[in-house]
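Its first residue numbered 631, the sequence shown is counted upward by one per residue in this note's numbering.
Even for Gly, the Cβ is constructed at its ideal location relative to N, Cα and C.
Everything numeric in this text was worked out from a predicted model, so none of it was measured.
Only one structure is covered here, and it is reproduced in the block below.
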Amino acid sequence: MTLLLDARYAVRLFRRGPAFASVAVLTMALGIGAATTLFSVAYGVLTKPLPWPDAGRVMRVTEMRKGQQGSARRAAAVDPVVVLKG
Numbered sequence: 631m632t633l634l635l636d637a638r639y640a641v642r643l644f645r646r647g648p649a650f651a652s653v654a655v656l657t658m659a660l661g662i663g664a665a666t667t668l669f670s671v672a673y674g675v676l677t678k679p680l681p682w683p684d685a686g687r688v689m690r691v692t693e694m695r696k697g698q699q700g701s702a703r704r705a706a707a708v709d710p711v712v713v714l715k716g
């Protein structure tokens, strides 16, 4: 019963100030949409398993030269991922 009363009250307030109510509804819709998009991307990138078999065996192979430790770290960040089959 209180849900019906709350809905009637909301409609009454919407009729009194439609501009404020529209801005409030639009703000809520944008916030919910942005949060949904952010969590969908985070799930797809961080928690979803890799799309090939034996994903736990994926390794990164890099080369490190003497005296160039700083540049080797930067190079390791952009090297492609190599899949070893065995």
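In the DSSP assignment, the alpha helix (DSSP H) including residue 645 goes from what residue to what residue? 632 to 646
How big is the Cα-Cα spacing for residue 678 and residue 649? 42 Å
For residue 676, name the three-state secondary structure that DSSP assigns. helix
Should residue 648 be listed as close to the ligand MG, given that the test is whether its C-beta is under 7 Å from any heavy atom? With respect to small molecules bound, the structure shown includes none, and the ligand MG cannot be examined in it.
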